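**Student:** Residue numbers (the numbering used here): 98 to 578.
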Amino acid sequence: MTSKPGHHMTPDDFRRHGKAVVDWIADYYERIESFPVVSRAKPGDIRDSLPANPPEHGESFEAMLQDVEELILPGITHWQSPNFYAYFPSNNSFPSMLGEMLSAGLGVQGMLWATSPACTELETHVLDWLVRMLGLPDAYLSTGLGGGVIQDTASSSSLCALLAGRERATQFASNERGCDGRLTAYTSSHAHFCVEKAAKIAGIGRENLRQIAVDLDYAMRPDALAAAIRKDLDAGRVPCFVCATVGTTSSNAMDPVRAIGEICREYGIWLHVDAAMSGTAALCPEFRHFQDGVELADSYSFNPHKWMFTNFDCNCFYVRDRKALVNTLSMVADILYNRATESGAVIDYRDWHIPLGRRFRALKLWFVIRHYGVEGLRYHVRRHVELAQHFAKWVRDESRFELAAPAPLNLVCFRHYRGDAANQRIMDRLNASGDLYLTHTRLDGRLTLRLCVGQWQTELRHVERARQRILEEAAALEHVA
Ligand SMILES: Cc1ncc(COP(=O)(O)O)c(C=O)c1O
Numbered sequence: 098m099t100s101k102p103g104h105h106m107t108p109d110d111f112r113r114h115g116k117a118v119v120d121w122i123a124d125y126y127e128r129i130e131s132f133p134v135v136s137r138a139k140p141g142d143i144r145d146s147l148p149a150n151p152p153e154h155g156e157s158f159e160a161m162l163q164d165v166e167e168l169i170l171p172g173i174t175h176w177q178s179p180n181f182y183a184y185f186p187s188n189n190s191f192p193s194m195l196g197e198m199l200s201a202g203l204g205v206q207g208m209l210w211a212t213s214p215a216c217t218e219l220e221t222h223v224l225d226w227l228v229r230m231l232g233l234p235d236a237y238l239s240t241g242l243g244g245g246v247i248q249d250t251a252s253s254s255s256l257c258a259l260l261a262g263r264e265r266a267t268q269f270a271s272n273e274r275g276c277d278g279r280l281t282a283y284t285s286s287h288a289h290f291c292v293e294k295a296a297k298i299a300g301i302g303r304e305n306l307r308q309i310a311v312d313l314d315y316a317m318r319p320d321a322l323a324a325a326i327r328k329d330l331d332a333g334r335v336p337c338f339v340c341a342t343v344g345t346t347s348s349n350a351m352d353p354v355r356a357i358g359e360i361c362r363e364y365g366i367w368l369h370v371d372a373a374m375s376g377t378a379a380l381c382p383e384f385r386h387f388q389d390g391v392e393l394a395d396s397y398s399f400n401p402h403k404w405m406f407t408n409f410d411c412n413c414f415y416v417r418d419r420k421a422l423v424n425t426l427s428m429v430a431d432i433l434y435n436r437a438t439e440s441g442a443v444i445d446y447r448d449w450h451i452p453l454g455r456r457f458r459a460l461k462l463w464f465v466i467r468h469y470g471v472e473g474l475r476y477h478v479r480r481h482v483e484l485a486q487h488f489a490k491w492v493r494d495e496s497r498f499e500l501a502a503p504a505p506l507n508l509v510c511f512r513h514y515r516g517d518a519a520n521q522r523i524m525d526r527l528n529a530s531g532d533l534y535l536t537h538t539r540l541d542g543r544l545t546l547r548l549c550v551g552q553w554q555t556e557l558r559h560v561e562r563a564r565q566r567i568l569e570e571a572a573a574l575e576h577v578a
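1. Using only CA atoms, which one of Thr107, Trp404, Phe181 lies nearest to Ser193?
2. Does the contact criterion of 3 or more C-beta pairs under 8 Å hold for the segment 176-188 versus the segment 421-428?
3. State the start and end residues of the unbroken beta strand (DSSP E) segment that holds Cys510.
4. Under the assumption that Ala310 contacts Ser286 (Cβ atoms under 8 Å), give the Cβ distance between them as a whole number of angstroms.
5. Please indicate yes or no: does the CB of Gly232 lie closer than 7 Å to some heavy atom of ligand 1?
6. In whole angstroms, what separates the C-alpha of Ala504 from that of Ala183?
7. Taking three-plus beta-carbon pairs below 8 Å as touching, is the segment 367-379 in contact with the segment 337-354?
8. State the Cα-Cα distance for the pair Lys490 and His559, rounded to the nearest angstrom.
9. For Pro186, which beta-bridge partners are listed by DSSP?
10. Closest by CA to Phe414, which one among Ala201, Asp142, Gln248, Glu130?
11. Taking buried to mean at least 16 other C-beta atoms within 10 Å of its own C-beta, is Ile451 buried or exposed?
12. Is it buried or exposed, Lys74, if we count other Cβ atoms within 10 angstroms and call 16 or more buried?
13. What are the boundary residues of the alpha helix (DSSP H) that includes Arg543?
14. Determine, using beta carbons only, whether Gly243 and Val416 come nearer to each other than 8 Å.
15. Could you tell me the boundaries of the alpha helix (DSSP H) in which Ser271 lies?
16. Below 8 Å between beta carbons: does that hold for Ile366 and Cys337?
17. Would you please state the rounded distance, in angstroms, between the beta carbons of Ala236 and Glu392? I believe it to be under 8 Å.
18. Could you name the residues of the same chain whose beta carbon sits closer than 7 Å to that of Ser579, not counting the 5 residues immediately before and after it, in chain order?
19. Determine the DSSP secondary structure at Pro401, reduced to helix, strand or coil.
20. According to the Cβ coordinates, are Cys510 and Thr538 closer than 8 Å?
21. Should Ser285 be counted as a contact of ligand 1 given a C-beta to heavy atom distance under 7 Å?
22. Along the alpha helix (DSSP H) that carries Ala266, what are the first and last residues, could you check?
23. For the candidate residues Phe399, Ala325, Asn528, Ser157, whose alpha-carbon lies nearest to that of Thr107?
24. Compute the Euclidean distance between the alpha carbons of Gly390 and Arg263, then round it to the nearest angstrom.
25. Specify, as a first and last residue, the run of the beta strand (DSSP E) that Arg307 falls within.
26. Rounding to the nearest angstrom, what Cα-Cα distance links Gly232 and Glu383 in this structure?
27. Would the beta-carbon of Tyr184 be found less than 7 Å away from any heavy atom of ligand 1?
28. Comparing alpha-carbon positions, which option in Gly172, Asp312, Val339 lies nearest Ser255?
29. By the three-class DSSP mapping on this structure, what secondary structure does Arg217 have?
30. Which residues in the same chain as Ser146 place their Cβ atom closer than 6 Å to its Cβ, once the five residues preceding and following it in sequence are excluded?
31. Is Ser252 near ligand 2, in the sense that its beta carbon is under 7 Å from a heavy atom of that ligand?
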């Protein structure tokens, strides 16, 4: 037998290259504003620059890092740029990256408590902290009947909530025999499409997801919800799930959770609250009114990977009755048998979501919370809201533009008075310039620009510059017929 390390990297080389990677990342953030925010790569450019075949012999780490710089960076859209205002943010922070690195280093697969007790217990603990930090109901604490789990995305959480609601409504018969075609679900016409996707995957069927009408502020109308439920009940259908949104993707509309929750309680329907981005705002007591009534919800989810400085992926999903979720998703498997599970004294998170295997995501969340402290997180959330409100005020004062929807937090929806073509042109030119990145939505059929403030390095000067660039492109329109 040989005692050579084979082809593995040695600990000494790992130390050296690891430091180089940390330096590279720190440098990247120092020069991030020098890159065009949106990648200028054309389809196929990146693949064309890569060798057709894998290397027969291992290469040096220096060569790999060099290729990241030369081949990969041109194909990166800089989500962490302070000039990134598109979609919803997917922000980040150094403490989060370090937690992620440790998670990779430990290489834990935390499907069961027994496969790494710290992976499960830290997660349970940090999710209980967050219940307090966000002013969520005690019912979501793991010390009672509920509890929280980290999932990959809000889409997965919506699906799990729908599955649990489906099973509760059918006394677990759907799990056994499949859906009988009578189940119905409800969400607003402005909800994220992940709810529709969940309805398809869960066997409810897209046609049985009622897209409830919204009011003038794009929030779900409780009267329309109640009417749709009654109509379905009269027709012998089985309403099983409602999804309310705190901060819709399109315009950051706030569904009235309390009124929706009261209807769900009346009819015994599972209510899920999707607060993917805006849930983070509840760190600040002054923004908690947006989730008023959340104690009536059966489940709730928000994404620290959007606005809470925790790198993708990290979604927090809470249920008030963990049994309903676990009974929906747990599977009997001899190979996973262990004494801790058998004792009933531990949580096995494999039963709380779709995959079996799971990463140690709680580490990065723990690092973020410990680094910033609650006050630090609040400071940055408030700052983002202030910057967005500054931009919204400018839109209100600017005769060529109008606000297209209320701007309750950090998203501003606005448009130029000259209509769709003009707004499209402004957005295309801004994005092609590399100076900033905006995306759009349609509100009442009209193309509307969205500016969302949520990147950790964004400051007043960046928002001022965005405003100036938007004005320049609007001025250029004067020369267009
Ligand atoms: C309200 C809302 N729900 C769900 C999602 C989907 O998020 P994820 O990528 O975590 O599935 C988004 C994404 O922007 C969202 O805004």
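Don't be surprised by glycine CBs; every beta carbon is placed ideally from N, CA and C.
Keep in mind the model is a prediction, meaning the values are calculated, not measured.
**Tutor:** The relevant details are as follows:
1. Trp404
2. no
3. 508-513
4. 6 Å
5. no
6. 15 Å
7. yes
8. 16 Å
9. In DSSP, Pro186 forms no bridge with anything.
10. Gln248
11. exposed
12. In the structure as shown, the chain starts at 98 and stops at 578, and residue 74 therefore has no counterpart that could be examined.
13. It is not in any alpha helix (DSSP H) - Arg543 instead sits in the beta strand (DSSP E) that spans 543-549.
14. yes
15. 270-274
16. yes
17. 7 Å
18. The question about residue 579 has no answer here: the residues shown for the chain are numbered 98 through 578.
19. helix
20. yes
21. no
22. 251-266
23. Ser157
24. 22 Å
25. 306-309
26. 11 Å
27. yes
28. Val339
29. Going by the sequence as given, residue 217 is Thr instead of Arg. Three-state result, Thr217: helix.
30. Leu168
31. You won't find ligand 2 in this model; what it holds is ligand 1.
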